[in-house]
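Chains as they are written, first to last, in the numbering used here: chain A, 2 to 470; chain B, 5 to 450.
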Amino acid sequence: MPGDAMILTALAIGVPWAAAVLTAVIRRHSRVIGFAAASVSVAASLLLLRAAPVRESLNEALMVLFSCLTLGATLVLPRRDSNPGTISGILFLLGSTLLAYSTNNLWVLLSAWILSTVPFFPEQWFGARTWRPRLALLLSSAALALAITLIAVHGHAMSIAGLKGRSPGGMSVFGLLVLAVIFRKGICPAHAWVADAAEFGPAIPTALLLNGHFGAMLVAKLIMPLFPNTARDLFPLLSYLALATALYVAIRALTENSPRRLLAFLALSQSACILAGLESRTAEGITGALVHWFVVTVSTVGLFGVLRLLEVRFGENLTASRYLGLAQHAPRLAVFFIVFALALVGLPGTLSFCSQDLLIHGTLESHPQTGLLLPIATAMNAVSVFRLFARLFLGKRRTGFTVMADALPRERWILTVGALFVVMGGLFPNAIVARRAAEAEAVEQAMCVPMPPLQLFTSPNGGRRQNLR
Amino acid sequence: MDYLQTMLVFVVLTPGVVFAVFALLWLAGWVPAERVVSTITGAAFSASILALAVVLWRLAATGAPAVTVTFGSWFTVHDYRFPLVLMADRLSLPFLGMTVVLAGLIGQFSATYLHREPGFLRFFLLLHLFAFGSLLAFAAGSFDLLVAGWEIVGITSVLLIAFFQQRTAPVENALHVFAVYRACDIGLLVAVFAMHNWSGTASFAGGLPPLAGSRASTLCLLLLLAAAGKSAQVPFSGWLPRAMEGPTPSSAIFYGAISIHAGAYLLLRVQPMLAQSSLASAMVIAIGLATAIHGTMCGRASADAKTSLAYASLTQVGVVFVEIGIGWKSIALAHILGHATVRTLQFLRAPSMLHDYHTMHSAVGGELSPTGKHLEELFSARAQLWLYRWSLDRGHLDTILDRFVIHPLMRLSRLFARLDSKGLDQSLSLREAPASTHIAAGREGI
């Protein structure tokens, strides 16, 4: 890594960590410190992205995305939640996530992976009041630790770049890495912890934890480049599991009445598609997965943000079992909610329309039978998210309270930025898609094993659709 | 870009731009007066009608088959591209004309009809978004772009059904319609994928992809699924009476005129391919015929004006499907235009139906006989009773859908919920409380 990049990376990671400590110590001006630290991270990540070659800029792009999300979170966080503990936790999570994205060393990756979970263990911090999130995070960390230890025991170098294509540790390490992905990402049957964390933990920090997408990162950064042959042969199994998860969770969401759980299921279902796209081994599928990564992240954090804002206004007992009629009290929050919701499920005019289009093409091409599950799951998710919107915002206007605040300017403008990202990205997608396509090519080439495309349909032009090699 | 192309782009984009401007200004805190909204709406649609008239006139004068505007690709990934092509040909121009004229008329009608309605601005925003979606779908030069317009029409339709949001019935019905739309749209998405895969493109600006045999049949059947969903054909007809919960002007333009005919447009667009597949053609005819019979029977047992009109509309669209299946393209097109115009008028007059009836009654000297009575008399009393019950329950379509699709899915969902709750501390589960106990916060803590 060149010297400038090293300094910028250190700034992007170190400043949030330092700010986290500072916030915890002085216990004042938490939001200001959080905003300033996240701003430094955004600026440093942007400079890193600018300097990175287009084909190898995925890590930097993810750094920008996550630091922007954290910046938004520090602003949109309700005053009730904006305490030193929450802000320092969010900043700690930011630093850990950026470290995981940026590192090229397996030990550092493991440290970042574990550190990012630390705030979610103690109940006094972000820990949920149930055991499943803690167990899942623990098991995923243990699986990754074991895999990396095995690699070290086999005497391999610990640089990711140096291990490319060498299948270090063989099947056992591959299996452990896949296990780490399953637990961290919430792939069936290890999916229940995601809803528990969303239901019983703090909404916005949990959304940030889920949207670090460490599972997908591990696939793109480690599994596919390090185990190209094994991944080619066995990875479709993970893809089938991901598609099954997308469908299972979509069905599960149909009768869920807790808004937080419902949102967690929707986020999980949509983000499971990322894994399926990454595994599709087609240019469209991988690009769609990367674009979808961005859309799901922004939309999910936006939705959890709006939900939290509703909770602090109307009480934490929001339910989708009856009509609450909140749109007449908070029409702008209703609009933000529906924009993020529809952006999550592929409405035209939003970026997810493009990502879903690419994902459906990619997965249907590589797995024609199971690929059909993707549009079916998305259709169900659309119904569930519309039901949630209807139950929260439509219906008879509630009476019995006098003062009711819609989105405050601070919240309104940060939510507008998020909504503009998904909408403008949908209207002019090429700026985002082209860059992700170049990165997808790099991800695809990392597997560097020629393979025939698996096709149910064969084109008359003699297999026009080729893989990227 | 020559001026004809500019005109076409102007026609398609104008409602979208008006929607975007109003929406952004509202987000910024500005609520425009009703007069401003209706004036701008009138001006926008008038300008669109004029621009489209110029396009029509020039095409007729020069004998050119179509105006095509190519913007390149919306996005490209390797060899997959999403073409951004607008096209106004002899099929799409009538639909474009119908959309701008009827949307403009509905805009003017609604300015009075919805005067002082709390959702006045929301209605006009959705009207513009709907017009944009429809124009995009009808002017699309590729199926990719058609999908975009198609989905926008779907979501605006659903939001307008839920327009009277303070009542729960419209909202529930909107959700039902949304579910049917999304389920049927899977056919369109998979068809577009198959087109890309089989012929390398989903563009039809230079003619339909050259497909025949089983591939043509598969594509047509997938598109038929989407068309049947959008046009409320059997077995998806159950959503149409539910959609009548929306305000009358939106019912008129959606279910009397434009949205209900979008499925027919899709089939007309692929009619050359449809003609190559006897299976798909037969399916189109069978579905159309079944819908026409279903529509006329259920319409006769409907107790309210809008639902009767909706079923009358359904009957005609069923007949249009039959015409398309047989291959009578021009007749189907003329039928659509005539039907859309008359039905819009009927819907808009629906709130004054009693007044109209009394006027007519007086005009003919009190001798108005009930229509259709002679048809019912052809059946035995027992058959009449059975048919009446069948029609009253709208062909049991919703019952069948509930029993065989929705209920099993819900049972499965509850089973998954039980499985998921294993191991969860029950004392923690679901923090529900009556909504009335919510403590509203002002700005404290926000």
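Just so it is clear, CB atoms sit at the ideal spot from N, CA and C, and this is done for glycine as well. Everything numeric in this text was worked out from a predicted model, so none of it was measured.
Asked	Found
Cβ of residue 18 (chain B) less than 9 angstroms from any chain A Cβ?	no
Using the beta-carbon of each residue, which ones in chain B are nearer than 8 angstroms to residue 285 (chain A)?	81, 82, 84
Closer than 9 angstroms, CB to CB, is residue 278 (chain A) near chain B or not?	no
Under 9 angstroms, Cβ to Cβ, is there at least one residue of chain A near residue 452 (chain B)?	This structure gives no information on residue 452 (chain B), because the portion of chain B shown stretches from 5 to 450.
Starting from the C-beta of residue 16 (chain A), find all residues in its chain whose C-beta is less than 7 angstroms away, skip the five residues before and the five after it, and write them out in chain order.	38, 41, 42
Could one say the Cβ of residue 14 (chain B) lies closer than 9 angstroms to chain A's Cβ atoms, at least one of them?	no
Would you call the region 429-438 of chain A in contact with the region 278-296 of chain A, where contact means no fewer than 3 C-beta pairs closer than 8 angstroms?	yes
According to the neighbour-count rule (16 or more other Cβ atoms, all chains shown, within 10 Å of its Cβ), is residue 425 (chain B) buried or exposed?	exposed
Touching or not, the region 207-220 of chain B and the region 230-247 of chain B, by the rule of three or more beta carbon pairs under 8 angstroms?	no
Return the residue from the list B:331, B:327, B:351, B:287 that minimises the CA-CA distance to residue 315 (chain B).	B:351
Against chain B, with Cβ distances strictly below 9 angstroms, would residue 324 (chain A) count as a contact?	yes
Let's test the definition: count the other Cβ atoms within 10 Å of the Cβ of residue 417 (chain B) and tell me whether it reaches 16, buried, or not, exposed.	buried
Tell me which residue opens and which closes the alpha helix (DSSP H) that residue 326 (chain B) is part of.	309-330
Interface residues of chain A around residue 200 (chain B) at Cβ under 7 angstroms?	362
My guess is that residue 35 (chain A) and residue 418 (chain A) are in contact by the Cβ rule of under 8 angstroms, so how many angstroms apart are they, rounded?	Not quite, the Cβ-Cβ distance comes to about 17 angstroms (not below 8 angstroms), so this is no contact.
If you draw a straight line from the C-alpha of residue 311 (chain A) to the C-alpha of residue 127 (chain B), how long is it?	25 angstroms
Among A:371, A:426, A:421, A:362, whose alpha-carbon lies nearest the alpha-carbon of residue 83 (chain B)?	A:362
Output, in chain order, the set of chain A residues within a Cβ distance shorter than 9 angstroms of residue 175 (chain B).	324, 391, 392, 395, 396
To be precise: take each residue of the region 36-59 of chain A, compare its Cβ to all Cβ atoms of chain B, and keep it if any distance is under 7 angstroms. Which residues remain?	none
So for residue 84 (chain B), helix, strand or coil by DSSP?	strand
Give, in chain order, every residue of the region 424-438 of chain A whose Cβ lies closer than 8 angstroms to some Cβ of chain B.	430, 431, 434, 435, 438
So, does the region 46-64 of chain B touch the region 181-200 of chain B, judging by three or more C-beta pairs under 8 angstroms?	no
Output the residue ranges of the alpha helix (DSSP H) runs that lie fully inside the region 374-425 of chain A and measure 4 residues or longer, sorted by chain position.	374-394
Could you give the DSSP three-state label for residue 89 (chain A): helix, strand or coil?	helix
Tell me whether the beta-carbon of residue 94 (chain A) lies closer than 9 angstroms to the beta-carbon of residue 206 (chain A).	yes
Residue range of the alpha helix (DSSP H) that residue 206 (chain A) falls in?	204-211
Please confirm whether residue 234 (chain B) and residue 275 (chain B) have their CB atoms less than 9 angstroms apart.	no
Return the CA-CA distance between residue 248 (chain A) and residue 341 (chain B), expressed in angstroms with no decimal places.	41 angstroms
How many angstroms separate the CA atom of residue 5 (chain B) from the CA atom of residue 95 (chain B)?	22 angstroms
When the Cβ atoms of the region 62-69 of chain B are set against those of the region 130-147 of chain B, are three or more pairs found closer than 8 angstroms?	no
Does the distance from the CB of residue 85 (chain A) to the CB of residue 29 (chain A) come in under 9 angstroms?	yes
Within 10 Å of its beta-carbon, does residue 384 (chain B) have 16 or more other beta-carbons around it, so buried, or fewer, so exposed?	exposed
Rounded to whole angstroms, what's the CA-CA distance from residue 433 (chain A) to residue 44 (chain A)? Just pull it up for me.	19 angstroms
Looking at residue 250 (chain B) and residue 165 (chain B), is the spacing between their C-beta atoms short of 9 angstroms?	yes
Please give the ranges of any alpha helix (DSSP H) in the region 135-175 of chain A, keeping only runs that are unbroken, at least 4 residues long and fully inside the region.	none
CB-CB under 6 angstroms to residue 168 (chain B), same chain, minus the five flanking residues each way: which ones, in chain order?	174
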